[in-house]
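J.: Please read through the structure below; I'll follow up with questions.
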Amino acid sequence: MKALVLWADEESPNLGVRVLAKGMEVLLKRAFPGITVDSLADATNDDGVGLSGRHLAKELVGARGPLASFIKRYDVVVDIGGGDSFSDIYGLKRLALMRHVHLLCRRTGVPLIIGPQTIGPFSSRAAKWMGRSMLRSSAMSVARDSKSAEYSSAIGAPVSVTATDVVFALDRPLQEPRKGVVVNVSGLLWDSSRHGDSSSYRTSVQKLVDQLLADGRSVSFLAHVLDSPSADNDCRIFPSLQELYGSDATYIIPRGLVHVRQILASAEVVVGSRMHACLNGLSVGTPAIAWAYSRKFAPLLDDLGWNQVVDLATSKDPVAATLDYMDVKDTSRQIAALNERAEVKLGAVVEGLQMGWT
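Numbering-wise, the sequence shown is residues 384 to 741 according to my numbering.
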């Protein structure tokens, strides 16, 4: 038995996208021991196929193009949508590409499952129509938070299961002595205002780090999206941070997914602007304060009983809110309960998969 996970990649520079690939693989293997699981994202793989517009242009009609032939090798396709692409926040083109792949699976006769991800919102009539049609035509659909599930029902396409993020399916590293604050600064937010006021974001980052250092706390900057030609990576802003803080801080570029989870497991607390930096932290037992730039953060964390979310769009003082959260004592029991809830939610996904998708 073979499964293909779409818009996930175990080699992606975005460690969150690696989480999606590995976490979904773990769930599929729990459901079907011995299954082979591959992943596919925008980049061209060894078979010469990918999910970019350039690749999909070859598949406009019929089911005989390179991607269609590749999909036919599999028994099931799982679209995990990069975690948050099942929306129009990245533009209609992205959503249209996703729908085209769904249609391609239907033409080839390979069942498609919508894996755990944020669903919506859709701001236009066209986006809502595309989203609803994909949900209705899928063999199984999974929302990773209750707000996404409610939204799906509201547009007339209820999901099969409400779960959580697949990060909680990953193995946990051995616990090490905790020290210092890990701050994940996002290249997505640093100098682009597409997802908020970049100037305000930079000011808040500097104000937070200045205060942490003044309080005598050790600070490490962590890249959660590794270097690549894309402007959306966290490594490219390290020179700016080094100019500001020099040897007063540490600068960490992880070697991969296992390494970043080891780093977070040894931190006292993580302040993350990338959602999966926070989720990686919580899933290894580390308190995480999320600096949220979209609605994908709060509903997922709230479902798990974790409220340490600073909404960058509405918070009057993100730094004060963050420091208040850092003063909360003994969160270990709360985080343990959070992980237990997550395991139950992911167990429901495994049960759904085992029940079949035809």
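Built from N, CA and C at the ideal position, the CB exists for glycine as well.
Would you report the Cα separation of D713 and L721, rounded to the nearest angstrom?
T.: The residue you call residue 713 lines up with position 330 of the sequence shown. The residue you call residue 721 lines up with position 338 of the sequence shown. The alpha-carbon atoms of D713 and L721 are separated by roughly 14 Å.
J.: Can you give me the Cβ contacts of C661 inside the same chain, cut-off strictly under 6 Å, excluding the 5 residues immediately before and after it?
T.: Position 278 of the sequence shown holds residue 661. Taken in chain order, the residues that qualify are G655, A671 and A673.
J.: How would you call R519, buried or exposed, if buried means at least 16 neighbouring beta carbons within 10 angstroms?
T.: Here residue 519 corresponds to residue number 136 of the sequence shown, with the count starting at 1. Exposed: under 16 other Cβ atoms inside 10 Å.
J.: Between A704 and V693, what straight-line distance do the alpha-carbon atoms span, to the nearest angstrom?
T.: As a first step, residue 704 is located in the sequence shown; it is residue number 321 there, counting from the start. As a first step, residue 693 is located in the sequence shown; it is residue number 310 there, counting from the start. Between A704 and V693, the C-alpha separation is close to 7 Å.
J.: To the nearest angstrom, how far is it from the Cα of A606 to the Cα of L557?
T.: Within the sequence shown, numbered from 1, the residue matching residue 606 stands at position 223. Within the sequence shown, numbered from 1, the residue matching residue 557 stands at position 174. Their Cα atoms are separated by approximately 22 Å.
J.: For A546, which residues from the same chain have a beta carbon less than 8 Å from its beta carbon, with the 5 sequence-adjacent residues on both sides left out?
T.: Residue mapping note: residue 546 aligns to position 163 of the sequence shown, counting from 1. Taken in chain order, the residues that qualify are P499, V525, A526, R527, K728, L729, A731 and V732.
J.: Between the Cα of P637 and the Cα atoms of D548, D421, N663 and I502, which residue gives the shortest distance?
T.: Position 254 of the sequence shown, counted from the first residue, corresponds to residue 637. Per the Cα distances, N663.
J.: Classify E626: buried if its beta carbon has 16 or more other beta carbons within 10 angstroms, exposed otherwise.
T.: The residue you call residue 626 lines up with position 243 of the sequence shown. Its Cβ having fewer than 16 others within 10 Å, E626 is exposed.
J.: Buried or exposed: where does G406 fall if 16 or more other Cβ atoms within 10 Å of its Cβ makes it buried?
T.: On the sequence shown, position 23 is the one that residue 406 refers to. Buried, by the Cβ-count rule.
J.: Label Q691 either buried or exposed according to how many other C-beta atoms from any shown protein chain fall within 10 Å of its C-beta, with 16 as the threshold for buried.
T.: Here the question's residue 691 lines up with position 308 in the sequence shown. When all chains shown are included, Q691 counts as buried.
J.: Please report the straight-line C-alpha distance between L665 and L434, rounded to a whole angstrom.
T.: Walking along the sequence shown from the start, residue 665 turns up at place 282. Walking along the sequence shown from the start, residue 434 turns up at place 51. Using only the alpha carbons, I get a separation of about 31 Å.
J.: Would you call the region 422 to 429 and the region 560 to 577 in contact, with 3 or more CB pairs under 8 Å?
T.: Three or more beta-carbon pairs separated by less than 8 Å are not found between the region 422 to 429 and the region 560 to 577, which leaves the two stretches without contact.
J.: Taking a contact to mean a Cβ-Cβ separation below 7 Å, would you say V388 touches I502 in this structure?
T.: Indexing the sequence shown from 1 puts residue 388 at position 5. Indexing the sequence shown from 1 puts residue 502 at position 119. No, they are not a contact pair.
J.: If we ignore side chains and look at the alpha-carbon of each, how far apart do D615 and D685 end up?
T.: The sequence position of residue 615 within the sequence shown is 232, counting from 1. The sequence position of residue 685 within the sequence shown is 302, counting from 1. Rounded to the nearest angstrom, the two C-alpha atoms are 27 Å apart.
J.: How many angstroms separate the CA atom of L450 from the CA atom of W573?
T.: By 1-based counting over the sequence shown, the position of residue 450 is 67. By 1-based counting over the sequence shown, the position of residue 573 is 190. If I take the Cα positions, the gap works out to 36 Å.
J.: What are the boundary residues of the alpha helix (DSSP H) that includes M513?
T.: Numbered from 1 along the sequence shown, position 130 holds the residue referred to as residue 513. R508 to S520 is the span of the alpha helix (DSSP H), which, as asked, contains M513.
J.: Here's the rule I'm using: 16 or more other beta-carbon atoms within 10 Å means buried, otherwise exposed. How should A386 be labelled?
T.: For the purposes of this step, residue 386 is identified with residue 3 of the sequence shown, where counting begins at 1. With 16 or more Cβ atoms within 10 Å of its Cβ, A386 is classed as buried.
J.: Could you spell out where the beta strand (DSSP E) holding I636 opens and where it closes?
T.: Here residue 636 refers to the residue found at position 253 of the sequence shown. No beta strand (DSSP E) holds I636; DSSP gives it neither H nor E.
J.: Which runs of the beta strand (DSSP E) at least 3 residues long sit entirely within the region 636 to 676? Give them in chain order.
T.: With a minimum length of 3 residues, the unbroken runs of beta strand (DSSP E) contained wholly in the region 636 to 676 fall at 652 to 655 and 671 to 675.
J.: What number of angstroms, rounded off, separates the C-alpha of A742 from the C-alpha of Q717?
T.: Because the chain is modelled from 384 through 741, residue 742 falls outside the range shown and cannot be assessed.
J.: DSSP three-state label for D707, please.
T.: Along the sequence shown, one-based indexing puts residue 707 at 324. Three-state DSSP puts D707 in a helix.
J.: Restricting to Cα atoms, I'd like to know which of G514, C488 and S468 is closest to F453.
T.: Sequence index remark: in the sequence shown, residue 453 carries index 70 (1-based). For F453, the nearest C-alpha among the options comes from C488.
J.: Which residue marks the beginning of the alpha helix (DSSP H) containing M491, and which one marks its end?
T.: Working through the sequence shown from its first residue, we reach residue 491 at position 108. According to the sequence displayed, residue 491 carries Thr and not Met. Per DSSP, T491 belongs to the alpha helix (DSSP H) from L475 to T491.
J.: Would DSSP call K728 helix, strand or coil?
T.: Translated into the one-based positions of the sequence shown, residue 728 becomes position 345. Correct three-state label for K728: helix.
J.: State the Cα-Cα distance for the pair F621 and S531, rounded to the nearest angstrom.
T.: Indexing the sequence shown from 1 puts residue 621 at position 238. Indexing the sequence shown from 1 puts residue 531 at position 148. Those two C-alpha atoms are separated by around 34 Å.
J.: Rounded to a whole number of angstroms, what is the C-alpha to C-alpha distance between V409 and S470?
T.: Along the sequence shown, one-based indexing puts residue 409 at 26. Along the sequence shown, one-based indexing puts residue 470 at 87. Near 25 Å, if we compare the C-alpha coordinates of S470 and V409.
J.: Under the assumption that L647 contacts V653 (Cβ atoms under 8 Å), give the Cβ distance between them as a whole number of angstroms.
T.: To locate residue 647, count along the sequence shown from 1; it is residue 264. To locate residue 653, count along the sequence shown from 1; it is residue 270. At roughly 6 Å, the Cβ-Cβ gap stays under 8 Å, so L647 and V653 are in contact.
J.: Specify, as a first and last residue, the run of the beta strand (DSSP E) that T419 falls within.
T.: Walking along the sequence shown from the start, residue 419 turns up at place 36. Element bounds for T419: T419 to L423.
J.: With distances taken between CB atoms, is the gap from G466 to L553 smaller than 7 Å?
T.: Here the question's residue 466 lines up with position 83 in the sequence shown. Here the question's residue 553 lines up with position 170 in the sequence shown. In this structure, L553 does not lie closer than 7 Å to G466 by Cβ.
J.: By how many angstroms is the C-alpha of G668 removed from the C-alpha of P612?
T.: Position 229 of the sequence shown, counted from the first residue, corresponds to residue 612. Position 285 of the sequence shown, counted from the first residue, corresponds to residue 668. Their backbone Cα atoms lie some 33 Å apart in a straight line.
J.: Using a 10 Å radius around the Cβ and a threshold of 16 neighbouring Cβ atoms, would you call G514 buried or exposed?
T.: Taking the sequence shown and counting its residues from 1, one reaches residue 514 at position 131. Label assigned to G514: buried.
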